[in-house]
Amino acid sequence: MSSHSANSKDMIEMKSLESLTVTRPYNFASNDRSTYLPSDEEGSFEHSTEKKTKLSKYWKKCSYEIREYCKFIGPGFLIAVAYIDPGNYSTDLDAGARFQYKLLFIVFLSNLFAVYLQALCCRLGSVTGFDLARNCREHYHKYVCIVFYILAEAAIVATDIAEVIGTAVALKILMKIPLVAGVVITILDVLLVLLAWRPEGSMLGVRIFEAAVAMLVLVVAISFAVVLGRVHIGGAGQVFKGFLPNSTVFSREGLYSSIGILGATVMPHSLFLGSGLVQTRLKDFDVRTGNYVPTDDCSDYKPSIQTIRHSLTYSVVEVTLSLFTFALFTNSSILIVAGAVFYNTSNADTSDLFSIYDLLTKYVSLSCGKLFAVALLFSGMSAGYVCTIAGQMVSEGYINWNLRPWIRRTLTRSIAIIPCLVVAAAVGQSGLNQVLNASQVCLSILLPILTFPLVMFTCSRKVMSTYSETVDEETGQVIRNVHDLSLGWPMTILTWLIWLFLTALNLLLIIWLGMGVSY
29 MSSHSANSKD
39 MIEMKSLESL
49 TVTRPYNFAS
59 NDRSTYLPSD
69 EEGSFEHSTE
79 KKTKLSKYWK
89 KCSYEIREYC
99 KFIGPGFLIA
109 VAYIDPGNYS
119 TDLDAGARFQ
129 YKLLFIVFLS
139 NLFAVYLQAL
149 CCRLGSVTGF
159 DLARNCREHY
169 HKYVCIVFYI
179 LAEAAIVATD
189 IAEVIGTAVA
199 LKILMKIPLV
209 AGVVITILDV
219 LLVLLAWRPE
229 GSMLGVRIFE
239 AAVAMLVLVV
249 AISFAVVLGR
259 VHIGGAGQVF
269 KGFLPNSTVF
279 SREGLYSSIG
289 ILGATVMPHS
299 LFLGSGLVQT
309 RLKDFDVRTG
319 NYVPTDDCSD
329 YKPSIQTIRH
339 SLTYSVVEVT
349 LSLFTFALFT
359 NSSILIVAGA
369 VFYNTSNADT
379 SDLFSIYDLL
389 TKYVSLSCGK
399 LFAVALLFSG
409 MSAGYVCTIA
419 GQMVSEGYIN
429 WNLRPWIRRT
439 LTRSIAIIPC
449 LVVAAAVGQS
459 GLNQVLNASQ
469 VCLSILLPIL
479 TFPLVMFTCS
489 RKVMSTYSET
499 VDEETGQVIR
509 NVHDLSLGWP
519 MTILTWLIWL
529 FLTALNLLLI
539 IWLGMGVSY
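Under this note's numbering, the first residue of the sequence shown is numbered 29, with each subsequent residue one higher.
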């Protein structure tokens, strides 16, 4: 019995040793080359560690992308202002009053066109280092540039007229200031722009100005969000249905209003803004990475290929998000409010900035009407600021007219004020509404002409090529590398189709105006 017990004990000990041998860790320092077989717990631990490592890397990459994107926030707000100026109020109010929510599809389509054109502007400004006007001076004949300059200045003045009228109307509603006095007061924003906007200064100053304009945009968006919450729109389904294509869009009356919305949304001066505002970020990145040393004459600056590849995507994403959030929301809100308040009422044919305030005050609340006026005031002010910047780019870019900013701005605003003063003094608010609508028609006619160079340049390999130099390690020779950043064939075809579509609509508008057709 004792012998049998001893043998059993030895067998148990040997099995125990075998199990220990199988599960022990592999000693890499020893000469033992036996295979290490991990246990289930160890395998699970390694899998968990690997998963955590991947998540950590993914989170680091995401946080880096977010931090880099935040550095590019700013220009999109300035560009978005161009799409929510008082001119948009006029066309959106008219469309909502006559067709309720059926032309929301055109608002959405206009925003898509605006985003695409702004992406082209970002591309042009990033690759060439110049805005649209300066690129015209670099590649077109002097007299061609003069013609483009005159047309661009006409667009700036037409845009400025809308800002003057919107601000003057808001001042009359909120502070009971007479229209004539309100028109004159609008010239004071020249001083604010002169004090704040210094693109050749520090990035901090540029960011402060951008933040101030962004706050104005936020106030406009919040005001309309509150107004939308208080107005009875008759069901969300009915509103969302308006974002789908419908027969009203293709009727003669609906098409006339649609062209007005397109012209008011896709503003010509925004093209100069979009192609010019990207340069401050590009230059800042090149300075930080040692690719560019600042000089007194910044006109020699050309973005490096590393900066273009790093910055272009961020710039396009930033302006896209700004337009799809603030611009699309605000324009849709104006049309929805007008559709809810004016549609199928006796006031549908007299919808203007004053009447929408009166009806909101009467049927909703006084605070709702005041919020609308606040949104109108802030959109007029902010649009006036960015119009100043665009005007400076136009004069300096096309003809190298380096006027002092306060002289340039005073001249432009004075030209815009004169017709508004005459109309306000002669016929009052009804006349101002007609001038506002006429300014939007003018912008619609000028849009295809001023967008033509943008399409030409971004499709051109000659214009959209940049160069970099590398040294061959074996021979020591300097090799010049050519980087073609022009649009590919699919995007080129799409770009020309969009331009032809906009041109056809505006030609139709010109024909109707010539025939005396209006709706």
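For each residue, glycine too, the CB sits at the ideal point set by N, CA and C.
The structure displayed is predicted, hence computed values, not measured ones.
query: Does the pairing of the segment 124-137 with the segment 297-308 give three or more beta-carbon distances under 8 Å?; result: no
query: Excluding the 5 residues preceding and the 5 following ILE526 in the sequence, name in chain order all residues of the same chain whose CB lies nearer than 7 Å to its CB.; result: PHE141, TYR144
query: Counting only the same chain and skipping the five closest in sequence on each side, list residues whose C-beta sits under 6 Å from that of LEU202.; result: ALA401
query: Taking the alpha carbon of LEU471 as the point to measure from, which residue in TYR329, LEU535, VAL506 has its own alpha carbon closest?; result: LEU535
query: Once the 5 residues before and after CYS164 are set aside, which same chain residues still bring their CB inside 8 Å of it?; result: VAL172, CYS173, PHE176, GLY425, TYR426, PRO481
query: Please confirm whether VAL422 and HIS297 have their CB atoms less than 9 Å apart.; result: yes
query: Would you check if the segment 490-506 and the segment 143-157 touch, i.e. whether three or more CB-CB distances between them fall below 8 Å?; result: yes
query: Measuring straight from C-alpha to C-alpha, what distance separates TYR284 and LEU537?; result: 7 Å
query: Pick helix, strand or coil for ALA101, following the three-state DSSP scheme.; result: Checking the sequence, you will find Ile at residue 101 rather than Ala. Residue state, collapsed to three classes: coil.
query: Would you kindly check if the distance between the Cβ of PHE127 and the Cβ of GLY367 is under 9 Å?; result: yes
query: With burial defined as no fewer than 16 other Cβ atoms inside 10 Å of the residue's Cβ, what is the status of VAL510: buried or exposed?; result: exposed
query: Just to confirm, is the Cβ distance from ALA108 to SER350 under 9 Å?; result: yes
query: Please list the terminal residues of the continuous alpha helix (DSSP H) segment that includes ASP120.; result: 114-127
query: Could you name the residues of the same chain whose beta carbon sits closer than 6 Å to that of SER410, not counting the 5 residues immediately before and after it, in chain order?; result: VAL109, VAL241, LEU244
query: Among ALA264, ARG280, LEU106, which has the Cα closest to the Cα of TRP540?; result: ARG280
query: Could you give the C-beta distance for PHE105 and GLU238, rounded to a whole number, given that I count them as a contact under 8 Å?; result: 6 Å
query: Who pairs with SER496 in a beta bridge, going by DSSP?; result: ASN509
query: Taking the straight line between their C-alpha atoms, what separation do you get for ILE287 and TYR111?; result: 15 Å
query: Please give me, in chain order, every unbroken run of the alpha helix (DSSP H) with length at least 4 that falls completely inside the segment 399-485.; result: 433-454
query: So, for ASN116: in the same chain, excluding its five sequence neighbours on each side, which residues have a beta-carbon less than 6 Å away from its beta-carbon?; result: ALA292, ASN359
query: In angstroms, rounded to a whole number, what distance separates the CA positions of THR276 and ILE333?; result: 48 Å
query: For the pair the segment 497-516 and the segment 445-457, tell me if three or more CB-CB distances fall below 8 Å.; result: no
query: In this structure, does DSSP put ALA253 in helix, strand or coil?; result: helix
query: Tell me the start and end of each unbroken alpha helix (DSSP H) in the segment 287-351 that is at least 4 residues and wholly inside, in chain order.; result: 297-304, 307-316, 333-350
query: CB THR486 to CB SER514, shorter than 9 Å?; result: yes
query: Skipping 5 residues on each side, what residues in its chain have a beta carbon closer than 7 Å to that of LEU179?; result: LEU474, ILE477, LEU478
query: Under the assumption that ALA549 contacts LEU301 (Cβ atoms under 8 Å), give the Cβ distance between them as a whole number of angstroms.; result: Nothing in the structure corresponds to residue 549, since the chain is present only between 29 and 547.
query: What is the DSSP secondary structure of ASN534, counted as helix, strand or coil?; result: helix
query: Could you check the C-alpha separation between VAL392 and GLY262 for me, to the nearest Å?; result: 14 Å
query: Taking the C-alpha atoms as reference points, what is the distance between GLU501 and GLY318?; result: 22 Å
query: Taking Cβ positions, are VAL347 and ALA147 nearer each other than 9 Å?; result: yes
query: Can you list, in chain order, the residues of its chain whose CB lies under 8 Å from that of ASN428, leaving out five sequence neighbours each side?; result: ARG165
query: Count the other C-beta atoms from every protein chain shown that fall within 10 angstroms of the C-beta of VAL499, then say buried if there are 16 or more, exposed otherwise.; result: exposed
query: Using 9 Å as the threshold, is the C-beta distance between LEU460 and LEU207 below it?; result: yes
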